[in-house]
Each structure stands twice: as C-alpha cells, then as structure tokens.
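*Asks:* Structure incoming, see below.
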Amino acid sequence: VAINATNAQFPADAPSLTERYINSKVAINATNAAAKSRSSSALLHPGTVIRDDISFPFCQAWSSSDATNRTLSPFDDWHARHPNWIVSNETEDMFCVEPYCEKGSNSYPCLNDRRSKLINDYWTYYNNQFKSSCDKVHYRSMWSSGWSADFLNAQEGLIDAANNFHAPLVMSAPWHYAAIKKDSSHRTCSNADLTCYFLPYHSCGNLDDICGFTPREFGIPIDKCNGTHVKRITTSKMIEQVEIWTERGFNAYQFLTRKQLWLRRAVFDFKRIFRMKHGPESDCSVIHVRRADIIMHDKHARKYYPIADYVNLIPMEKLNDPNHTIFLLTDDANAVKEAHEFYPHLRWKYIDRPRHKGSSGGWENQTPSLNPALELIVLMAIFDLVQDCSSFVHGHSGLSDYIWTHMAANAGNKRVTRLRVDEQKQVFDEKYLHSEEELAKFLEEKRASKE
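The sequence shown begins at -7 in my numbering and counts up one residue at a time.
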C-alpha cells in the first residue's frame, strides 16, 4: 500500500529532537541577534517575527489563550512561506519545528526519511500556488458535501493545478465546516472557507480579488464568479491517484490542512482534556458507526448496522482484556446509548458532543452543534486520537478512509488492523432506505428477549 511509504524511520545514530533543540545553532531570537553558542536553545516568545534565513530547529512558547485568537499569527505568516518546516513536537508550554529536505538530500539538519517525498510534493504545490501568476487560476466549487468528498475534490484540484494547468488552485466559498449550510450563519471567519482554519494555500488574495465578490450563500453557480479579469480554468475531468489512501493524495491533503496556530492549539487542548478524562490505557480499538443520512441515497442507500456487528469483529483477546478500550466514533446519539445498553461491561470512550439522532439531521448536515469550528476541531482531534489504537472497525464511509489513513501512516512499528462490518455484503441497496426502522425493531426484539 502506497501509504506505508510514509512510516517514520530515523537513523539509529540521529540525535534526539531534544538534543537537536538544545545543541543546535540558532539563527534567530526576539531581537534578531543570532545566538552563536551550540548550547543555547531557541525559544521564541509568542508574536515573534521570524527571519526567513533561520535554518535550525526552534521552539515557540504558547498557551491556551492562543486558541481564542482566530487570526493569522506572525508564525503562520512565516510557516505558510516555509513548507519544508514541520511541527515536530507540542507540549503545554511550547511547540517546536524543524526543517526537512527534498528527496535525495542528506545535508544536516534535514533528514532523508519518511518526510522527504512529502516535502518534495510540498515544494511542488507551494511553488505553483505562490509563485505562479494569478492572472489565471484553477477555480473549483467547494462541494460542502462531507469531509471526504470535499477534500477529494480539493486534493484533485491541487494536483491538477500543479501538474496540468500550472496555475494556482482556488476553492470557492462558503464551506459547510466554516458556516452553517442551511443559512450560512455561524461563520468561523468572514470568508467561510479553508483559510478560516488552515494556512493560506495560494497568494492570489481573497475571492473578492478573484471573482469580484465573496459568495455569502451556498449553491452559487461557479460561472457567477466573473467580476474580474482573472481567467478561471474549470474542469470536469477526473484524474487518478488523488484518493487519500495514495501517497500523492495524502500529501496534497496534508498541504491543504496545515493548521493555523490558533487551530493547532485548540486541537492540542481538546486532545489533552480528552486523554486526561479517559486516563492511560494498554490498547484500544476504534469503531466508526456512520449512520445519519446514509439511508437517504436512494439506490445507493447504506445499512444501519447494529453495534453488535462492529463489536463482534474485535478479537476476543481484546474484548476479554479489562484494560482494553473501545473508542466509539459516530454521528448518531442513539449509537452511544446502544453501546452502553447492550455492552455495559466493555470500556467505552467517546467524544461528548452534540449529535443527531439517527436521520433526524436530514441530508448532509454535519453541524449538529451549530458551531462549525467545534465540528472541525473535533475531526482534527479524532485524526490524532485514533493513532493511539491498533484496530479499526467500520462500514463503507469516505471519512473512514481518512481516519484509517491517519492511523496507518503514523503507525510506525505498531501493527494496525482494519475490519469492515459490511465486508462481502451488499453495500448499496434501495432496501436500506428503511434500515433505520428495521434497526429499531431489531433492538426492541433484543430488549424483549432479555426480559
């Protein structure tokens, strides 16, 4: 599988990150005077303007208050223009970054490890997105369908823009993870697009500069973006190797989702609080129960599987381990209740957040909290938290592909297992349109049999 190529393997004699932070030469401090001693560590104060010629790892102090300032910080401005720098460590008091090289380079401090191909792709996208003329752009409609559909479209656009059009990709707005789809309210930022959360991905300005206006409502046709002399290249042609489970697709996705500092801190705090609440564990399994609108796809409707079908796929040695935890991911509040009701002896953990009940949210309603920022913070935290686990049970779901890719790409030497609840079963069928009612009837029969 292509994604296995991203597993990390540092050279055995490579200095540890701590050693490199403490012992490396530093090229910047708050007064722009270069520190000369190898025994000095570079710890920058929040808001420090970072010099472009810095070349060795450094850290910057931060705190929970950074999560409340949803504007581009000086670090964000610098980081957007230095795609080969990766955030390598995060603690309560600081985060640290270090540079990586393109494939084939072994010069210190860069390491020719798992990130070399990633950095090579980053430079390809950066040069196209930031160095190309903005007289023409590859303009794509933001689908606002679901996480996987939205980013599959964006990944394809980024790759297509660099390889075929040689013009920057620009995604339209609004995005339903930055504004409520029903009425465009509760906007995370005024543009309500990817740049509410992630580093700028092009240098062509906002949609006012490109289209003549920033769309404020969902469903505005792409051909309405004609208020400037910018040439807009659109396409309906699909290209290959852009899915999240391919290396090229995953690298494009990671480029587009490089976090702004406020989001990085918000996700860090969310994960810290979650782990403190649930304590240490020896091992865990992830169950992703996708329900909600999957029964509304007509002939492509999918089944509401009972929790039992997921649990039965977890190996017995894990279920019998009193320290084993099941991390339940679901868009259905009924699934959480079902798990505790029928499996009270198992150790469950789940994120305490607003959820729809079954299909009550309707079609493609991913913001039951009416807080798009919270929904996105939860998703970004999930992609990290699942990496603590060694097995993943799920049904057909694009989001499951993204969850699994984060698990597999960061597994290192740990063996991770993927199991499908709908393996060798009919995935799509019109008969599943009534699956919600059938599940409710099945559970009532189980309750009756216990009495």
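Built from N, CA and C at the ideal position, the CB exists for glycine as well. Quick caveat, the model's predicted, so the values are computed rather than measured.
1) Should Lys128 and Ile225 be called a contact, given that it needs their Cβ atoms to be closer than 8 Å?
2) What residues are listed by DSSP as bridge partners for Cys51?
3) Since I believe Gly387 is in contact with Tyr297 (beta carbons under 8 Å), could you give me their beta-carbon distance rounded to a whole number of angstroms?
4) Looking at C-beta atoms only, is the number of pairs between the stretch 36 to 56 and the stretch 85 to 92 that lie closer than 8 Å three or more?
5) To the nearest angstrom, report how far apart His337 and Phe420 are at their CA atoms.
6) Can you tell me whether Ala331 is buried or exposed, with buried defined as 16 or more other CB within 10 angstroms of its CB?
7) Please state the DSSP three-state secondary structure of Asp344.
8) So what's Trp237 in DSSP terms, helix, strand or just coil?
9) Bridge partners for His168 per DSSP, in chain order?
10) Measuring only from the beta carbon, is Lys295 closer than 7 Å to any heavy atom that is part of the ligand COA?
11) Counting along the chain, where does the alpha helix (DSSP H) carrying Ile231 start and finish?
12) From the DSSP output, in three-state form, read off Leu161 for me.
13) I'd like to know whether the C-beta atoms of Val448 and Leu411 end up nearer to each other than 8 Å.
14) Using a Cβ-Cβ cut-off of 8 Å (strictly less than) and excluding sequence neighbours within five positions of Val259, which residues of its own chain qualify?
15) Just checking my contact of Ile287 with Ala293 at CB under 8 Å: how many whole Å lie between their CB atoms?
16) Return helix, strand or coil for Arg339, following the three-state DSSP convention.
17) Which one of Ile231, Pro166, Glu235 and Met230 has the shortest CA to CA distance from Phe205?
18) From the DSSP output, which residues share a beta bridge with Cys276?
19) Taking buried to mean at least 16 other C-beta atoms within 10 Å of its own C-beta, is Pro346 buried or exposed?
20) Could you tell me whether the Cβ atoms of Ile279 and Leu320 are closer together than 8 Å?
21) Indicate the three-state DSSP secondary structure (helix, strand or coil) for Val413 in the structure shown.
22) Determine contact between the stretch 207 to 217 and the stretch 187 to 194, defined as no fewer than three beta-carbon pairs at a distance below 8 Å.
23) What are the boundary residues of the beta strand (DSSP E) that includes Trp77?
24) How big is the Cα-Cα spacing for Glu93 and Thr238?
*Replies:* On the basis of the data shown:
1) yes
2) Leu35 and Cys88
3) 6 Å
4) yes
5) 33 Å
6) buried
7) coil
8) coil
9) Answer is none; His168 lacks a bridge partner.
10) Summarising the ligand content, the structure contains no ligands, and the ligand COA is consequently not present.
11) Looking at the DSSP string, Ile231 is not in any alpha helix (DSSP H), and its letter there is neither H nor E.
12) strand
13) Residue numbering for the chain in the displayed model covers -7 to 443; residue 448 lies beyond these limits and cannot be assessed.
14) So the list reads Lys251, Ile369, Met372, Ala373 and Asp376, once near-sequence residues are dropped.
15) 5 Å
16) In the structure shown, Arg339 falls within a strand segment according to DSSP collapsed to helix, strand and coil.
17) Of the candidates Ile231, Pro166, Glu235 and Met230, the one whose C-alpha sits nearest the C-alpha of Phe205 is Pro166.
18) Thr317
19) exposed
20) yes
21) coil
22) Counting C-beta pairs with one atom in each stretch, the stretch 207 to 217 and the stretch 187 to 194 have fewer than three that are closer than 8 Å, which means they do not touch.
23) Trp77 to Glu82
24) It should be pointed out that residue 93 corresponds to Cys in this sequence rather than to Glu. If you take the alpha carbons of Cys93 and Thr238, they lie about 21 Å apart.
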